[in-house]
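Worksheet for the structure shown next.
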Amino acid sequence: MVFIGGAGNMAGAVIGGLVASGYPADSIVATGRNEQKLAHFAERTGVQVSTDNTAAVAEADVLVLSVKPQVMKALCESLAAIVSDRKPLVITLAAGIPLAAYQRWLGAGVPIVRAMPNTPALVGTGVTGLFAGDGVSAGQKRIAEQMAEAVGIALWVEEESGIDQVIAVSGSGPAYYFQFMESMIDAAEKAGMPRADAERLTLQTALGAAKLAVASDVDVAQLKRNVMSPNGTTERAIKRFQSGGLPELVEQAMRDCAERAAEMARELDQ
Numbered sequence: 056m057v058f059i060g061g062a063g064n065m066a067g068a069v070i071g072g073l074v075a076s077g078y079p080a081d082s083i084v085a086t087g088r089n090e091q092k093l094a095h096f097a098e099r100t101g102v103q104v105s106t107d108n109t110a111a112v113a114e115a116d117v118l119v120l121s122v123k124p125q126v127m128k129a130l131c132e133s134l135a136a137i138v139s140d141r142k143p144l145v146i147t148l149a150a151g152i153p154l155a156a157y158q159r160w161l162g163a164g165v166p167i168v169r170a171m172p173n174t175p176a177l178v179g180t181g182v183t184g185l186f187a188g189d190g191v192s193a194g195q196k197r198i199a200e201q202m203a204e205a206v207g208i209a210l211w212v213e214e215e216s217g218i219d220q221v222i223a224v225s226g227s228g229p230a231y232y233f234q235f236m237e238s239m240i241d242a243a244e245k246a247g248m249p250r251a252d253a254e255r256l257t258l259q260t261a262l263g264a265a266k267l268a269v270a271s272d273v274d275v276a277q278l279k280r281n282v283m284s285p286n287g288t289t290e291r292a293i294k295r296f297q298s299g300g301l302p303e304l305v306e307q308a309m310r311d312c313a314e315r316a317a318e319m320a321r322e323l324d325q
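Start counting the sequence shown at 56; every next residue gets the next number (the numbering used here).
What follows is the structure, given as structure tokens:
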């Protein structure tokens, strides 16, 4: 398995998860341009490293592309001859680029999976949306799924447009929660609580709420009601959120996010 851009944060997290889950480190090659960074990465993970993308890809059955969308076209075109000939499974971690673009850049008949991970993958609690293009076998889908599950959970979507919805929920979702946590911390500080205490309480509360929701056999709406006593403190706060339009604002924000993802796909499909 070859990771182009493998010493970067996201690819590094996936590689670390794979190695921790038992995937043989010496079967992974991570490429990059910074030799010192690659050396440190190899020492930390035990994987092979290389600054030569072409040489690494020449032996690859699975090729993971983890570079910025802006340089993806040039990278793919530089590897097109060998990828078109070998036809490894290609898994792309880049946001926004549609399969049609990869098929033009790499050549027809190459099996491609789009993977949309999120930043909690860095701590092993990520979500990765997956979409398989034509020609991806069941075995290759399982490889992509195992890679995603090494850093969290995986979800397959049946239509490529479903990736835009994954972005709106889980891809960009961590930032929504960070925004809410930031607002809670700011509000507590304005009310007189030391900022360090406000941050500690807010983050632990967010962690506890998420763990409770994951472990519970009831939905989040009921969990919310479980905290609310009639005419109590929580009910008053929730009513303020609702009267202020929070549910509608969240819906619109997620719609905007998905629309921007579709726009980016059109912009990058050149």
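C-beta atoms are modelled at their ideal positions from N, C-alpha and C, and glycine is treated no differently.
The Cβ atoms of Leu154 and Gly188 sit closer than 8 Å to each other.
Here Ile59 is buried: its Cβ has 16 or more other Cβ atoms, across all protein chains shown, within 10 Å.
Take the alpha-carbon of Val57 and the one of Gly77: they are about 17 Å apart. In this structure, the alpha-carbon of Glu306 lies about 13 Å from that of Ser227. When rounded, the separation of the alpha-carbon atoms in Gln195 and Tyr157 is 17 Å. Separation of Ala292 and Glu322 (C-alpha to C-alpha, rounded to the nearest whole angstrom) is 42 Å. According to DSSP, residue pairing for Arg169 in a beta bridge involves Thr147, Phe186. One thing to note: Asp219 has its Cβ within 8 Å of the Cβ of Ala313.
Contact between Pro172 and Thr183 holds: their C-beta atoms lie close to 4 Å from each other, under 8 Å.
For Ser298, no beta strand (DSSP E) segment is defined; the enclosing uninterrupted segment is the alpha helix (DSSP H) at 288-298. The beta-carbon separation of Gly162 and Ser139, rounded to 3 Å, stays under the 8 Å limit for a contact. Per the DSSP secondary-structure output, Ala85 pairs in a beta bridge with Phe58, Val104. In the displayed model, Val269 falls within a helix according to three-state DSSP. Taking C-beta separations shorter than 6 Å and ignoring five residues to either side along the sequence, Val273 has no partners in its chain. Per DSSP, reduced to three states, the secondary structure at Gly181 is strand.
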